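In the working numbering, the protein residues as written are 907 to 1157.
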């Protein structure tokens, strides 16, 4: 925040539908990265109006002001869909430990991921939501055990106090059906087509990846380097790298 303030930038953050303090979706069939991107632009537009109404607002705080999109995890897909919807509004895109495509493929081979999604679809959204909901409740009820399992399997690198305790306890506010539909959408669709074109269109692209991050397989991440102005692979960095590798990511 201090760095953004020194650069004259306004930072806007929000909770996606079904996450944190935001309400659950009214229409679960509409839970996609595309719909979340529309929500994000609604938040950005509201922030611009608030700035314009402020006595301290700059003259260029208007609808055409440039936007820097910084994303994490599934937010990478959402951020790229934001650019697809308003290609001339974004001047800088930064992805931190996220994937533009097939978000399950970091956990398992592509064929296995397809089977998991297929099986989940066959079970139906109600049964899949029940399974995910039970898993989330278990993780939030037994956060230390969840952290031990995450460390043992290599999916977590941060300490319990830094990341796991607040993260796992917050899972009781992650709507299970929203999560299921995000995984379906995140695996079955992608935004690689957007990512490939950004640098050639004059958008500055930064990608910060981790070599232990389950959200993005190494076999895919190496390809992304060609499409970025700045690309870094953090060693021994998993999906919780915002906590375990905070200093490296900020620098």
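Beta carbons: idealized from backbone N, C-alpha and C, even for Gly. Note that the coordinates shown come from a computational prediction; the quantities given were computed from them, not determined experimentally.
Counting of Cβ neighbours within 10 angstroms places residue 1043 among the exposed residues, the total staying below 16.
Taking all protein chains in view, the Cβ of residue 949 is surrounded by fewer than 16 other Cβ atoms within 10 Å, so the residue is classified as exposed. Sixteen is the threshold: when 16 or more other Cβ atoms of the shown chains lie within 10 Å of the Cβ of residue 923, as they do, the residue is buried.
Between the alpha carbons of residue 1142 and residue 1119 lies a gap of roughly 9 Å. In this structure, DSSP gives residue 1073 a helical state, which the three-state scheme calls helix. Burial state of residue 1114 is buried, judged by a 10 Å Cβ sphere holding 16 or more other Cβ atoms.
Per DSSP, the beta bridge partners of residue 1001 are 977 and 1113.
Excluding its 5 nearest sequence neighbours in each direction, residue 1061 has C-beta neighbours in its own chain below 7 Å: 1120, 1144 and 1145, listed in chain order. The C-beta of residue 1094 has fewer than 16 other C-beta atoms within 10 Å across all chains shown, which makes the residue exposed.
Nearest C-alpha to residue 942 among 989, 956 and 959: 989. Here residue 939 is near residue 986, since their CB atoms are less than 9 Å apart. Rounded to the nearest whole angstrom, the CA to CA distance from residue 1106 to residue 979 is 24 Å. Remark: fewer than three beta-carbon pairs, one from each stretch, lie closer than 8 Å, so the stretch 998–1011 and the stretch 1068–1086 are not flagged as touching. Out of 1085, 1149 and 1150, the CA that lies nearest to the CA of residue 935 is found in 1085. Per DSSP, the unbroken beta strand (DSSP E) holding residue 1137 starts and ends at 1136–1140.
Distance from the CA of residue 1026 to the CA of residue 1036, rounded to the nearest whole angstrom, comes to 11 Å.
Distance from the CA atom of residue 1024 to the CA atom of residue 977, rounded to whole angstroms, is 28 Å.
Comparing alpha carbon positions, the residue from 1156, 1098 and 1148 closest to residue 1132 is 1098. The alpha-carbon of residue 1002 is positioned some 21 Å away from that of residue 992. Residue 1056 sits in a helix when the DSSP states are folded into three classes. Residue 1088 is classed as buried because its beta carbon has at least 16 other beta carbons within 10 Å across all chains shown. DSSP places residue 937 outside both helix and strand once states are collapsed to three, so it counts as coil. With contacts defined by Cβ atoms closer than 9 Å, residue 975 and residue 998 form a contacting pair.
No residue range can be given for residue 1131, since it is assigned to no alpha helix (DSSP H) and is classified by DSSP as neither H nor E.
Pairing residue 1150 with residue 1068 gives a Cβ-Cβ distance under 9 Å.
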